[in-house]
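**Q**
Numbering (our numbering), first residue to last: 35 to 268.
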């Protein structure tokens, strides 16, 4: 067994599997972290602040970056092209998720079927998994040229700029628009009012418990959102 794990490729594969599990776990937590932090503005850097596609892929970027920094301290002696591999994974994951998600939503609209949460999760996990697989291929490949490796710093700089600023200064594009329960709300970035979207119960300053949307939050949200929209039109 020791000989098996001493193999360079096995070590790298083990790290990438661990990274996949960590990103999926931490990304899931970051979906709710902003609300659980009582909408603490610094938390918005790494946690999802609305239901846009962009905020969902952001949840996987920061855990992936954190894992890459930790992995470097342990696997740099037997990894080739390390930062290029990690940059490729961090860049490829959101691209795969966006393309797969938009394709699936187009299919669902054309077929007039309700989007499936399980399919959404498979898209997310598939994007993360493909990113880590590409990372493994690059890290286990022979050393690449200095010219190829120079791509990594530019990629990291671009990714850090995008994921570090677009939450606070979101472009007015569908990718960044709040898409709460498959309903575009015309909101971007950090929202002015989170009460319509609160999932968990809370106790207000007067000690009164206020219920959140709960487990079936999409059904509750849609009934409230549509009711409010109808009243405003009248």
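For each residue, glycine too, the CB sits at the ideal point set by N, CA and C.
Assuming contact is defined by CB atoms lying nearer than 8 Å, are residue 127 and residue 162 in contact in what I supplied?
**A** Yes, the pair counts as a contact, with Cβ atoms nearer than the cut-off.
**Q** Exposed or buried, which one is residue 43 when buried takes at least 16 other CB atoms within 10 Å?
**A** Exposed: under 16 other Cβ atoms inside 10 Å.
**Q** Starting from residue 214, follow its DSSP beta bridges and name the residues at the other end.
**A** According to DSSP, which records beta bridges pairwise, residue 214 is partnered with 217.
**Q** For the region 181-193 against the region 149-159, do three or more pairs of beta-carbon atoms, one drawn from each stretch, fall closer than 8 Å, so that the two count as touching?
**A** Contact between the region 181-193 and the region 149-159 is absent, because fewer than three Cβ pairs lie under 8 Å.
**Q** Look at residue 47 and residue 170 and say whether their C-beta atoms are less than 8 Å apart.
**A** Cβ distance < 8 Å, so residue 47 and residue 170 count as in contact.
**Q** Might you give, ordered along the chain, the residues of its own chain that have their beta carbon closer than 6 Å to the beta carbon of residue 53, omitting 5 neighbours on each side?
**A** So the qualifying residues of the chain are 101 and 166.
**Q** In whole angstroms, what is the alpha-carbon distance linking residue 118 and residue 55?
**A** Approximately 21 Å, taken between the alpha carbons.
**Q** Can you give the Cα-Cα distance for residue 116 and residue 229, rounded to whole angstroms?
**A** Their Cα atoms are separated by approximately 44 Å.
**Q** Short of 8 Å in beta carbon distance, which residues of its chain neighbour residue 268, apart from the five on each side in sequence? Order them along the chain.
**A** With a pLDDT of 44 at residue 268, under the threshold of 50, the modelled position of this residue cannot be trusted, and the question is left open.
**Q** Residue 122: which of 197, 218 and 186 sits nearest, CA to CA?
**A** Checking every option, the nearest Cα to that of residue 122 belongs to 186.
**Q** Please say whether residue 80 and residue 106 have beta carbons closer to each other than 8 Å?
**A** Result no, Cβ atoms of residue 106 and residue 80 do not sit closer than 8 Å.
**Q** First and last residue of the alpha helix (DSSP H) that includes residue 231?
**A** Unbroken run through residue 231: none, as it is neither H nor E.
**Q** Quick check on residue 226: buried or exposed, where buried means 16 or more other Cβ atoms within 10 Å of its Cβ?
**A** It counts as exposed.
**Q** For a test of the three-state rule: what should DSSP assign to residue 73, helix, strand or coil?
**A** If DSSP states are grouped into helix, strand and coil, residue 73 belongs with coil.
**Q** On the premise that residue 231 lies in contact with residue 214, defined as a C-beta separation below 8 Å, what is that separation, rounded to the nearest angstrom?
**A** Their Cβ separation, rounded to whole angstroms, is 6 Å, which keeps residue 214 and residue 231 in contact under 8 Å.
**Q** Looking only at its chain, what residues have a beta carbon closer than 7 Å to the beta carbon of residue 49, apart from the 5 residues adjacent to it on each side?
**A** Within the same chain, residue 49 has close Cβ partners 105 and 109.
**Q** Which first and last residues belong to the alpha helix (DSSP H) in which residue 140 is found?
**A** Unbroken alpha helix (DSSP H) run through residue 140: 116-145.
**Q** Taking the alpha-carbon positions, what's the residue 264 to residue 219 distance?
**A** Confidence is the limiting factor: at residue 264 the pLDDT is only 47, short of 50, which leaves the residue's position unreliable, though a coordinate-based value still follows. When rounded, the distance between both Cα atoms is 14 Å.
**Q** Would you decide whether residue 137 is buried or exposed? Buried here means 16 or more other CB atoms lie within 10 Å of its CB.
**A** Classification of residue 137: exposed, given that the 10 Å Cβ count is below 16.
**Q** When we look at the beta-carbon of residue 207 and count the other beta-carbons within 10 Å, is it buried (16 or more) or exposed?
**A** So residue 207 counts as exposed.
**Q** Buried or exposed: which applies to residue 147, given that a residue is buried once 16 or more other Cβ atoms fall within 10 Å of its Cβ?
**A** Exposed, by the Cβ-count rule.
**Q** Enumerate in chain order the residues of its own chain whose CB-to-CB distance from residue 344 is below 8 Å, with the five nearest sequence positions on each side excluded.
**A** The requested residue 344 is not part of the displayed model; the chain covers only 35 to 268.
**Q** Who does residue 222 pair with in a DSSP beta bridge?
**A** Bridge partners of residue 222: 211.
**Q** Here's a check: name, in chain order, each residue in its chain whose Cβ is nearer than 8 Å to the Cβ of residue 197, leaving out the five neighbours to either side.
**A** Closer than 8 Å at the Cβ level, and outside the excluded window around residue 197, lie 92, 95 and 96.
**Q** By Cβ distance below 8 Å, which residues in the same chain neighbour residue 132 in space, the five residues on each side in sequence not counted?
**A** Answer for residue 132: 87, 91 and 209, listed in chain order.
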